[in-house]
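Those letters in the sequence shown? Residues 111 to 196, by our numbering. Glycine included, every Cβ here is placed at the ideal spot set by N, Cα and C. None of the values given here were measured: they were computed from a predicted structure. A short write-up of the structure that comes next.
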Amino acid sequence: WNYAKLISGVLRHGMPLPYVVDMVNNLHLNDESLNTWKNGVVRALKKYIPDGTAPSQNICPECGEGALIYEEGCLNCKSCGHTKCG
């Protein structure tokens, strides 16, 4: 419940979605059911990130270029074509 309130608060105060997704992804949760919840929240939030938006950490893990953007809720590298969804 506290995590939901935190996410709600940062969204209401205008934190950009890529930063919220990064923040939630970096939560270290010990309970497996909370990790499943966390993954679901991240997937849902990514659907609302406009296509072409750069993530907070823009370096492609495949080619090392700073060319990652969101497209249809997935991260795509414009340099090498690497894709990460979920």
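Three-way DSSP call (helix, strand, coil) for residue i in this model
| i | result |
| --- | --- |
| Leu-116 | helix |
| Lys-194 | strand |
| Ala-164 | coil |
| Leu-139 | coil |
| Lys-148 | helix |
| Lys-157 | coil |
Unbroken alpha helix (DSSP H) run spanning residue i, endpoints
| i | result |
| --- | --- |
| Tyr-129 | 127-135 |
First and last residue of the uninterrupted beta strand (DSSP E) at residue i
| i | result |
| --- | --- |
| Ile-179 | 178-181 |
| Cys-184 | 184-187 |
Rounded Cβ spacing between residue i and residue j (contact assumed at less than 8 angstroms)
| i | j | result |
| --- | --- | --- |
| Thr-163 | Ile-179 | 6 angstroms |
| Cys-170 | Cys-190 | 6 angstroms |
| Leu-137 | Tyr-113 | 7 angstroms |
| Gly-176 | Asn-168 | 5 angstroms |
| Leu-116 | Val-131 | In fact, because the Cβ distance is near 14 angstroms, the residues do not count as touching under 8 angstroms. |
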